[in-house]
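So the mapping is simple: my numbering equals the position in the sequence shown, first residue as 1, plus 110. Every residue, glycine too, gets a C-beta built ideally from N, C-alpha and C.
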Amino acid sequence: MMREKFSESEVNLIVQGLDLLLSEKQEAHRWADESYRFGGSEIAYTESDFGIPQIMALQGKIDGANVLDEPESVVSA
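Listed below in structure tokens is the structure:
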């Protein structure tokens, strides 16, 4: 398995993306759960059906990821 170091800004972007994805998945799960409870759906979905535990596990792995110690280059506009 290839291990690559990410810059701090790359890690921040990945974390932000996962946070947004997790939020959307949790909202979709809440909607599906309410729909099931109130008779709008015949299927009961779990958090796993939406990948919520997997996203949380990935976030945990990223918390332990290596970040480059080198300063990032500054790009002028």
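Got a sec, what are the start and stop residues for the alpha helix (DSSP H) Ser117 sits in?
-> Start at 1 with the first residue of the sequence shown, and residue 117 comes out as number 7. It is not in any alpha helix (DSSP H) - Ser117 carries neither H nor E in the DSSP assignment.
Whole-angstrom distance between Ala138 and Ile153, CA atom to CA atom = The residue given as residue 153 occupies position 43 in the sequence shown. The residue given as residue 138 occupies position 28 in the sequence shown. Straight-line Cα distance between these residues: approximately 14 Å.
Coarse secondary structure for Ser158, derived from DSSP in three states = In the sequence shown, counting from the first residue as 1, residue 158 sits at position 48. Looking at Ser158 - three-state DSSP - the assignment turns out to be helix.
Around the Cβ of Phe148, are there at least 16 other Cβ atoms within 10 angstroms (buried) or fewer (exposed)?
-> Within the sequence shown, residue 148 is the residue found at index 38, counting from 1. Classification for Phe148: exposed.
Look at Leu131 and Ile172 and say whether their C-beta atoms are less than 8 Å apart.
-> Residue numbering aside, residue 131 sits at position 21 when the sequence shown is read from its first letter. Residue numbering aside, residue 172 sits at position 62 when the sequence shown is read from its first letter. No. Outside cutoff.
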